[in-house]
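Asker: In the numbering used here, the protein residues as written are 12 to 137.
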Amino acid sequence: MIKVFYDGKCGLCRREIGHYQKIASPTDFHWVDITEDKDNLAKAGLTFDVALRRMHAQDQHGTLYKGVDAFILVWRHLPRWKYLAPLMSLPVIKQIADFAYNHFADWRIDRLHAARCEMPIAADKK
Numbered sequence: 012m013i014k015v016f017y018d019g020k021c022g023l024c025r026r027e028i029g030h031y032q033k034i035a036s037p038t039d040f041h042w043v044d045i046t047e048d049k050d051n052l053a054k055a056g057l058t059f060d061v062a063l064r065r066m067h068a069q070d071q072h073g074t075l076y077k078g079v080d081a082f083i084l085v086w087r088h089l090p091r092w093k094y095l096a097p098l099m100s101l102p103v104i105k106q107i108a109d110f111a112y113n114h115f116a117d118w119r120i121d122r123l124h125a126a127r128c129e130m131p132i133a134a135d136k137k
């Protein structure tokens, strides 16, 4: 079973994960809202701050993936999306996707979560 760590307080993240949940086999994934389930974060060796900055997924062997690599892992197990995973894994396309995702993820933290006082965001970005 793949564990997917996502920000349940982010509307965009919630909608995307909700779509995946609708089409995924219930036995393939364990969806972990990092704002509600800190125990699973600790078991995976993740801090809230690190998990908040990028989507993470952990495969059945315990290997942790982040960012675009996490999406590729998830997509490989979803109907229709499984055809996108090999394409996104191609070196040039993956580099572009990594660049775009990392910029979006940084923007999301800087802009969309700036008003959340309870969020312990470290000064350095990981």
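Don't be surprised by glycine CBs; every beta carbon is placed ideally from N, CA and C.
Helix, strand or coil for His67, going by three-state DSSP, please let me know.
Answerer: Here His67 carries a strand assignment [DSSP, helix/strand/coil].
Asker: Per DSSP, which one or two residues make a beta bridge with Ala75?
Answerer: Rather than Ala, the amino acid found at residue 75 in this sequence is Leu. Per DSSP, the beta bridge partners of Leu75 are Gln69.
Asker: Tell me whether the segment 40 to 51 and the segment 97 to 105 touch, counting them as touching only if at least three CB pairs, one residue from each stretch, are closer than 8 Å.
Answerer: no
Asker: If you draw a straight line from the C-alpha of Val43 to the C-alpha of His67, how long is it?
Answerer: 10 Å
Asker: Which whole-angstrom value is the C-beta distance of Tyr112 and Gly78, which I expect to be below 8 Å?
Answerer: 5 Å
Asker: If we require 4 or more residues per run, which alpha helix (DSSP H) segments fall completely within the segment 31 to 66?
Answerer: 49 to 55, 59 to 64
Asker: Under a three-way DSSP split, which group does Lys14 fall into?
Answerer: Three-state DSSP puts Lys14 in a strand.
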